[in-house]
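Remarks on the structure that follows.
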Amino acid sequence: MEILKLAVYQRNIQKFITLNERSYVCQSISEVILNVLDDLQDKVIQFETKHQQTFLGLHRLKIYLQPALSIFELLNSIIQPFVSEYGNDKYMKHNENVHSSDFIYSNESTLPFEVSGEHICTCIGVELINKLYSIRKMFGPGDSRRNIVNYLFNKAMTSYTQLITQWMYFGILNDPYKEFFVTHVLPTDDMEHANANTLYDSEVVLDEEKIPEPINSIYKEIYSIGKYIRIIESMPLQAVGNYTYTSVEDLISHVKDVHQNISNRVMKFVMIDSNFTGKLESVYKFYLLSQSDFIYPIFDLINHEKSEYILQKTFRESLEFSSVRGDPRKDFFEIKLDNITNLPAALDYLSNGGYKITTSSNPEVYKRIAISCGESHSVFVFNNNVMYKYLLLFKYIFQLKYSEFQLSNVWANQIKTRELPLDPQTQTRFNFSLITRERMLFFVRTLLQHTCIDVVYDEYNTLCAENFEDLSELTTRHEQFLNNLLEESLLTNAEIFPVIMRTLGICNAFSKHMLKFADFITDNSIVACKLSGIKKHLVQRRLAVERHSKDTSKLLNNPGYIAMVKNANKQFEENVKNFMALLRAKDIKKLQYKFNFNYFF
Numbered sequence: 014m015e016i017l018k019l020a021v022y023q024r025n026i027q028k029f030i031t032l033n034e035r036s037y038v039c040q041s042i043s044e045v046i047l048n049v050l051d052d053l054q055d056k057v058i059q060f061e062t063k064h065q066q067t068f069l070g071l072h073r074l075k076i077y078l079q080p081a082l083s084i085f086e087l088l089n090s091i092i093q094p095f096v097s098e099y100g101n102d103k104y105m106k107h108n109e110n111v112h113s114s115d116f117i118y119s120n121e122s123t124l125p126f127e128v129s130g131e132h133i134c135t136c137i138g139v140e141l142i143n144k145l146y147s148i149r150k151m152f153g154p155g156d157s158r159r160n161i162v163n164y165l166f167n168k169a170m171t172s173y174t175q176l177i178t179q180w181m182y183f184g185i186l187n188d189p190y191k192e193f194f195v196t197h198v199l200p201t202d203d204m205e206h207a208n209a210n211t212l213y214d215s216e217v218v219l220d221e222e223k224i225p226e227p228i229n230s231i232y233k234e235i236y237s238i239g240k241y242i243r244i245i246e247s248m249p250l251q252a253v254g255n256y257t258y259t260s261v262e263d264l265i266s267h268v269k270d271v272h273q274n275i276s277n278r279v280m281k282f283v284m285i286d287s288n289f290t291g292k293l294e295s296v297y298k299f300y301l302l303s304q305s306d307f308i309y310p311i312f313d314l315i316n317h318e319k320s321e322y323i324l325q326k327t328f329r330e331s332l333e334f335s336s337v338r339g340d341p342r343k344d345f346f347e348i349k350l351d352n353i354t355n356l357p358a359a360l361d362y363l364s365n366g367g368y369k370i371t372t373s374s375n376p377e378v379y380k381r382i383a384i385s386c387g388e389s390h391s392v393f394v395f396n397n398n399v400m401y402k403y404l405l406l407f408k409y410i411f412q413l414k415y416s417e418f419q420l421s422n423v424w425a426n427q428i429k430t431r432e433l434p435l436d437p438q439t440q441t442r443f444n445f446s447l448i449t450r451e452r453m454l455f456f457v458r459t460l461l462q463h464t465c466i467d468v469v470y471d472e473y474n475t476l477c478a479e480n481f482e483d484l485s486e487l488t489t490r491h492e493q494f495l496n497n498l499l500e501e502s503l504l505t506n507a508e509i510f511p512v513i514m515r516t517l518g519i520c521n522a523f524s525k526h527m528l529k530f531a532d533f534i535t536d537n538s539i540v541a542c543k544l545s546g547i548k549k550h551l552v553q554r555r556l557a558v559e560r561h562s563k564d565t566s567k568l569l570n571n572p573g574y575i576a577m578v579k580n581a582n583k584q585f586e587e588n589v590k591n592f593m594a595l596l597r598a599k600d601i602k603k604l605q606y607k608f609n610f611n612y613f614f
């Protein structure tokens, strides 16, 4: 019976070798197993020769083959999961991009061999490494089986270490059998909206299902080292390719040493050679609008619906006369129009990792205004996700400032008419629009003050005051800085932020219509009288004031104007009421105090 088991074991081993001949890790194991099969064949031949000379019998054959039987039994326990019926579901889990109709099956197994001409590993090398890693713990010191398993494990790890060193020293992914935990990813259409070099965070990704258990503590370091090398090709490591695997402990120690070395050099490159502090300051000025005087000429062009070319030209001109004219990187920034017009929906990427671009049928121009930077930033810190967050923050702050600008224009128009002699009913209507505008302006300015001063300014200065020991600490802290901005500015609050954007939309619509109605009132006569001297033209002055008062009264009693102001006030108050209720429900006390100033809301 034991001899028959040996035949079964031998068949399973041969099947394992056949099925997994196209696995980089399994090839190293198969080489050892083939030697064992050769040894078994030699023993059988030797026994047959002796048996022909002297009849030995099956009992002697069993004793003669007992060592081989023990070894084959151990090997069979290791490879059994990889030669049994895998099932399409388990295989497809590791090859989701492969269509089942592309499989080519053998006559003896339901396991695939090739897919579309590309070699696919049916026995995932990582699974075999993990299997050997767990089995070797089952045997105590001095057990011959432990020595065999350790030998197989070291052979497998030696092969896998070659994948690691290729990536770690050269940034190369030479993995035709898809066994390495770093893998290529094809860029999607959404990635074209990112402003950073896609090499760092979009071309390669981690596949956590393929991380071998023995190196679970250092896989992040291995991943980081390869990414650094791929970007900074001018910084090759010393002693490239000299490492030879000896043990897991030695590999872990070596990886940590290399990671520390390359991290220090990359940190120097980022902080000194690439001037991270200077670039962060420029991003702070332009993306976070800490010095925003350069955008006000853009506001005027938006109101007159100028082309994107005119916007860009005016932006370049305004930089030369603004507070950022001394910034050495100002020429890299430009204003453009994009399709990210729905900020609450665009923020979905924070939870699902994708860039959600939403476009309404006729978006307002101010919603499409975006900023981009043509400079090649340090992609270690300013990667795609980071720049996307900066872009959304820019669009939000820009829209807040645009709303303030529009409401201020309404105020400038109202200030010209507030002293005109109006009848009581007309004066009441004027006061109603005045109060509505004032409440809207208070709402917008409170949000601006909270976002730009309490959040952006404070967080930025806190970040600049800190020191960082390595690149990992810097990138983690910078991402935390950005996440704090998004969270404390309420952009990530799925309930409050849409209310804010609706309220801003109401304010902008109110401003637009107020200025449109005001276009019907001309006060050129008043201006002319002021320039020529009031005392000499009292009659003209009086007639001009009467005419202006008449036009204003006509506007304030216009049914369309009355309905517009009432509807704007009603919608604004409803949204503010909802906003304040959400602040109380979320217990955001800091903003509650600001909006409750003098019981304004």
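Start counting at 1 in the sequence shown, then tack on 13, and there's your number in the working numbering.
All residues carry an ideal CB built from backbone N, CA and C; glycine is no exception.
All values derive from a computational prediction rather than experimental measurement.
Residue(s) in a DSSP beta bridge with residue i
i, result
"Glu347", "Ser385"
"His272", "Answer is none; His272 lacks a bridge partner."
"Leu219", "Val195"
Distance CB(residue i)-CB(residue j) smaller than 8 Å
i, j, result
"Tyr241", "Val279", "yes"
"Leu314", "Leu324", "yes"
"Arg490", "Leu476", "yes"
"Gly155", "Glu192", "no"
"Thr459", "Ser502", "no"
"Arg243", "Gly153", "no"
"Ile245", "Leu165", "no"
"Ile231", "Val195", "no"
"Phe328", "Ile353", "no"
"Thr516", "Val394", "no"
"Tyr415", "Tyr473", "no"
"Ser485", "Leu420", "no"
"Gln427", "Arg442", "no"
"Ser320", "Pro434", "no"
"Phe312", "Val337", "no"
"Leu595", "Ile509", "yes"
"Ile148", "Tyr173", "no"
"Asn591", "Val512", "yes"
Reduced DSSP category for residue i - H, G, I as helix; E, B as strand; rest coil
i, result
"Leu495", "helix"
"Thr257", "coil"
"His267", "helix"
"Val337", "coil"
"Thr196", "strand"
"Thr505", "coil"
"Thr354", "coil"
"Gly291", "helix"
"Gly138", "helix"
"Pro94", "helix"
"Ser237", "helix"
"Pro154", "coil"
"Gly184", "coil"
"Leu124", "Bear in mind that a pLDDT of 32 at Leu124, under 50, signals an unreliable position, so the number given afterwards is only what the model happens to contain. It is coil, neither helix nor strand."
"Tyr300", "coil"
"Tyr606", "helix"
"Ile177", "helix"
"Ile601", "coil"
"Ile394", "The amino acid at residue 394 is misidentified as Ile; the sequence shows Val. Residue state, collapsed to three classes: coil."
"Ser43", "helix"
"Ile26", "helix"
"His526", "helix"
"Thr31", "helix"
"Asn537", "Confidence at Asn537 is low in this model, with a pLDDT of 44, below 50, so the placement of that residue should be treated as unreliable; the coordinate-derived value is given next. Looking at Asn537 - three-state DSSP - the assignment turns out to be helix."
Cβ-Cβ separation, residue j to residue i (assumed contact under 8 Å), whole Å
i, j, result
"Glu226", "Tyr146", "5 Å"
"Phe346", "Phe299", "5 Å"
"Pro357", "Met514", "6 Å"
"Thr439", "Asn571", "About 11 Å; that fails the 8 Å criterion."
"Leu360", "Leu461", "In fact, because the Cβ distance is near 19 Å, the residues do not count as touching under 8 Å."
"Glu417", "Val468", "Actually they are not in contact, since the Cβ atoms of Glu417 and Val468 sit about 17 Å apart, beyond 8 Å."
"Tyr258", "Met151", "Tyr258 to Met151, Cβ: 23 Å. No contact."
"Met593", "Phe608", "6 Å"
"Asp471", "Ser276", "Rounded, the Cβ-Cβ distance is 29 Å, inconsistent with contact."
"Ile399", "Glu479", "Residue identity check: residue 399 is Val in the sequence provided, not Ile. Going by Cβ atoms, the distance from Val399 to Glu479 rounds to 17 Å, so no, they are not a contact pair."
Tell me the start and end of each unbroken alpha helix (DSSP H) in the segment 429 to 496 that is at least 4 residues and wholly inside, in chain order.
437 to 462, 471 to 477
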